[in-house]
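Everything in the sequence shown is counted per UniProt numbering, starting at 1 for the first residue and increasing by one. Comments concern the structure below.
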Amino acid sequence: MTEFAARLERVAQNQEVFKSFGRGVERETLRYHQDGNLATTPHPGELGSAYANNWITTDFSESLLEFITPVSSSISTLTAQLEDIHHFTQTKLGEEKMWPLSMPCYVGSEEDINLAQYGSSNSGKMKTLYRQGLKHRYGSLMQIISGVHFNFSFPESFWDQLYGQQSDEQRQHSKSEAYFGLIRNYYRFGWLIPYFFGASPALCSSFIQGRETKLPFENIGGTLYLPNATSLRLSDLGYTNSAQSALKIGFNSLDEYLEGLNSAIRTPSAEFAEIGVKVDGEYRQLNSNVLQIENELYAPIRPKRVAKAGEKPSEALARGGVEYIEVRSLDVNPYSAIGINEDQIRFLDLFLTWAALTDSEPMDHCEQSCWRENWNKVIVEGRKLGLELQIGCKGEVLTLQDWAKRVFVELIQIAEQMDQANGSDEYQAVCYKLLSWIDNPQQTISGQLLEDTKHYGGLGKVGCEFGKEYRQQHLGHHYRIYSEAEMEQEVERSRIAQAEVEAADKLNFDDFLTDYFAYLKAYADNHVNCS
1 MTEFAARLER VAQNQEVFKS FGRGVERETL RYHQDGNLAT TPHPGELGSA
51 YANNWITTDF SESLLEFITP VSSSISTLTA QLEDIHHFTQ TKLGEEKMWP
101 LSMPCYVGSE EDINLAQYGS SNSGKMKTLY RQGLKHRYGS LMQIISGVHF
151 NFSFPESFWD QLYGQQSDEQ RQHSKSEAYF GLIRNYYRFG WLIPYFFGAS
201 PALCSSFIQG RETKLPFENI GGTLYLPNAT SLRLSDLGYT NSAQSALKIG
251 FNSLDEYLEG LNSAIRTPSA EFAEIGVKVD GEYRQLNSNV LQIENELYAP
301 IRPKRVAKAG EKPSEALARG GVEYIEVRSL DVNPYSAIGI NEDQIRFLDL
351 FLTWAALTDS EPMDHCEQSC WRENWNKVIV EGRKLGLELQ IGCKGEVLTL
401 QDWAKRVFVE LIQIAEQMDQ ANGSDEYQAV CYKLLSWIDN PQQTISGQLL
451 EDTKHYGGLG KVGCEFGKEY RQQHLGHHYR IYSEAEMEQE VERSRIAQAE
501 VEAADKLNFD DFLTDYFAYL KAYADNHVNC S
């Protein structure tokens with residue numbers, strides 16, 4: 001029996017494990033007008049405070065909505081929560097709609113992209129200034145690409161089955177080690193996600209206005225596309241940061257990861273220093289380091305822990321270890337009104353469980369480069385049959401199809417156990433459906449979307465057609481989990497919460513930032529003293 005099979009058998013002895021995964025979704029979507037242009041209106045006041053609303057906020061721009069669900073162990077509850085949030089939001093948008101694609105709608109000028117505003121508190125102004133820094137560093141267009149983030153955790157019973165009785169300290173260490181093993185396997189095999197679910201093989205030509213690209217784009221009515229691309233959102237044109245490619249952040253342990261992350265936060269950037277931090281009395285960015293703050297690290301997956309008040313993400317991880325992981329490589333699914341469907345969630349359950357249970361050797365920087373190259377190949381030409389991917393740094397190659405089928409042999413074994421626990425065949429059905437997509441790339445979401453783009457005569461027309469349909473769907477929806485009263489209560493609570501934070505401020509903004517980044521100055525002083 002393989003180590004994987006032994007671990008699966010051990011976990012499956014308690015079938016409640018497979019009913020108790022923790023899942024949450026963050027879905028981004030742009031507000032747009034009937035004509036397919038980006039909405040330039042402020043975040044609707046009827047949705048409450050973007051600073052404090054637990055379910056409805058903004059990301060980079062005032063027009064970029066972000067919907068957040070609480071953690072749930074039920075897939076149907078999770079999707080129903082998302083449907084309720086979409087319904088409530090659409091009732092407050094008037095004629096505006098929610099863009100159903102990852103790549104933006106038509107943007108006439110970067111000046112049309114208004115930075116998200118979070119009120120007059122120091123922490124609210126800092127959130128906006130962080131976005132100002134992103135605008136100066138990378139431009140605004142990259143920041144209005146939409147995605148779906150999937151938060152996932154195993155129940156305590158999963159760890160009980162794997163490790164037996166442990167002290168709190170032992171358990172914290174075991175969980176962090178296992179989650180980092182999962183993360184390494186995600187980097188090795190996570191290209192399956194853009195292959196199956198990538199939904200950005202094309203983009204509006206307005207997106208690359210004034211930017212150079214060496215990609216051999218073809219054109220349909222102002223839409224640029226690559227015939228075999230899966231997820232241009234994840235390419236160098238999209239939500240990536242070339243300045244970060246040289247960072248040596250390792251994933252072999254929590255300590256190694258935190259050391260790399262903290263180094264990046266503290267490392268000055270000559271390129272970003274040229275922007276200036278405060279020029280003629282106006283701030284341009286939080287600081288001129290490689291990362292302004294930890295959130296600027298663009299990664300397809302992140303280890304996470306819920307932070308306490310005033311705690312930075314890395315401080316939370318150092319205090320309590322990894323609590324859950326955040327999958328960040330999902331495009332918005334254009335064939336779902338809420339941007340993700342239950343089949344995708346079930347596949348992620350299977351894949352993340354497999355990534356935790358299968359062997360995961362330490363990963364050096366050479367292997368990191370190999371997986372990065374594999375991801376880039378799948379992102380740009382993943383639907384090309386026979387595409388070869390490298391295995392490690394030893395020169396061995398397999399086709400995407402052969403490699404994917406190897407993984408599915410074990411995914412099916414997990415699906416059988418999950419279905420037995422849940423009294424259904426839904427996990428196996430997802431497995432066999434996606435297995436059929438491996439040799440038929442046109443069935444993938446990117447394959448379907450490219451066909452629709454050609455059929456409608458451009459990506460903008462696809463977005464407008466789907467967006468119109470989904471607007472009616474959202475307006476016709478009846479609450480399943482929440483109620484209108486609960487949604488309105490959250491709107492009012494968020495307004496009060498923002499006002500209380502604003503009233504409690506005692507420092508001016510300069511002093512607030514100095515206090516917040518005191519750890520950077522301490523590091524710099526120590527560095528000088530040690531050199």
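The C-beta atom is built at its ideal place from N, Cα and C for all residues, glycine as well.
| query | Among the residues of its own chain, which have a CB less than 6 Å from the CB of residue 482, if the five just before and after it don't count? | reply | 84
| Measuring CA to CA, which of 150, 60, 182, 121 is closest to residue 70? | 150
| query | When you compare each of 158, 508, 25 to residue 538 by their alpha carbons, which one comes out closest? | reply | An answer regarding residue 538 cannot be provided, because it is not within the stretch 1 to 531 covered by the chain.
| Alpha carbon of residue 145 to alpha carbon of residue 66, nearest angstrom | 12 Å
| said: Buried or exposed, going by whether 16 or more other CB atoms sit within 10 Å of the CB of residue 335? | reply: exposed
| message | So, for residue 3: in the same chain, excluding its five sequence neighbours on each side, which residues have a beta-carbon less than 7 Å away from its beta-carbon? | response | 359
| Going along the chain, which residues of its own chain have a beta-carbon closer than 8 Å to the beta-carbon of residue 286, five neighbours each way excluded? | 126, 129, 130, 133, 277, 292, 293, 513, 517
| task | Using alpha carbons as the reference points, say which of 370, 385, 414, 380 lies closest to residue 394. | result | 370
| field | Proximity to residue 281 [Cα-Cα], best of 510, 16, 495 | value | 510
| query | Between residue 403 and residue 140, what straight-line distance do the alpha-carbon atoms span, to the nearest angstrom? | reply | 37 Å
| query | Short check: CB of residue 73 to CB of residue 19, under 8 Å? | reply | yes
| residue 330, DSSP secondary structure in three states | strand
| task | Decide if residue 428 is buried, meaning its Cβ has at least 16 other Cβ atoms within 10 Å, or exposed. | result | buried
| With 16 as the cutoff for other CB atoms within 10 Å, does residue 496 come out buried or exposed? | exposed
| In chain order, which alpha helix (DSSP H) runs of at least 4 residues are fully inside the segment 375-451? | 400-422, 426-438
| request: Please classify residue 199: is it buried, with 16 or more other beta-carbons within 10 angstroms of its beta-carbon, or exposed? | output: buried
| field | CB contact flag (residue 204, residue 138, <8 Å) | value | no
| query | Between the Cα of residue 474 and the Cα atoms of 95, 63, 17, 50, which residue gives the shortest distance? | reply | 95
| request: Measure the alpha-carbon distance for residue 529 versus residue 97 and round it to whole angstroms. | output: Note that residue 529 has pLDDT 45, beneath the 50 cutoff, so the model's placement of it is unreliable and no number is given.
| said: Buried or exposed, going by whether 16 or more other CB atoms sit within 10 Å of the CB of residue 17? | reply: buried
| said: Check whether the segment 222-237 and the segment 344-362 touch, using three or more Cβ-Cβ pairs below 8 Å as the test. | reply: no
| said: One question on the structure: do residue 533 and residue 29 come within less than 8 Å of each other, judged by their Cβ atoms? | reply: The structure shown has nothing for residue 533, since the chain only spans 1 to 531.
| task | With a threshold of 16 other CB atoms inside 10 Å of the CB of residue 366, please say whether the residue is buried or exposed. | result | exposed
| Proximity below 8 Å, CB of residue 191 to CB of residue 374 | yes
| request: Report the option in 400, 311, 90, 87 whose CA atom is closest to the CA atom of residue 519. | output: 311
| said: With H, G and I counted as helix, E and B as strand and the rest as coil, what does DSSP make of residue 217? | reply: coil
| query | What is the C-beta distance between residue 22 and residue 153, in whole angstroms, given that I count them as a contact (C-beta under 8 Å)? | reply | 4 Å
| field | Reduced DSSP category for residue 51 - H, G, I as helix; E, B as strand; rest coil | value | coil
| task | Return the residue from the list 229, 116, 308, 409 that minimises the CA-CA distance to residue 62. | result | 116
| said: Please identify the residue among 491, 499, 508, 342 whose C-alpha is closest to the C-alpha of residue 54. | reply: 491
| request: Report the residue ranges of all beta strand (DSSP E) runs contained in full by the segment 295-339; include only those spanning at least 3 residues, in chain order. | output: 301-304, 324-331
| field | Local Cβ density within 10 Å of residue 397, reported as buried at 16 or more and exposed below that | value | exposed
| message | Please classify residue 444 as buried or exposed, where buried requires at least 16 other C-beta atoms within 10 Å of its C-beta. | response | buried
| request: Count the C-beta pairs between the segment 257-277 and the segment 210-218 that are closer than 8 Å, then say yes if the count reaches three, no if not. | output: no
| field | As assigned by DSSP and simplified to three states, the class of residue 144 | value | helix
| query | residue 467 and residue 100 look like a contact to me (Cβ under 8 Å); what is the Cβ gap, rounded to whole Å? | reply | 5 Å
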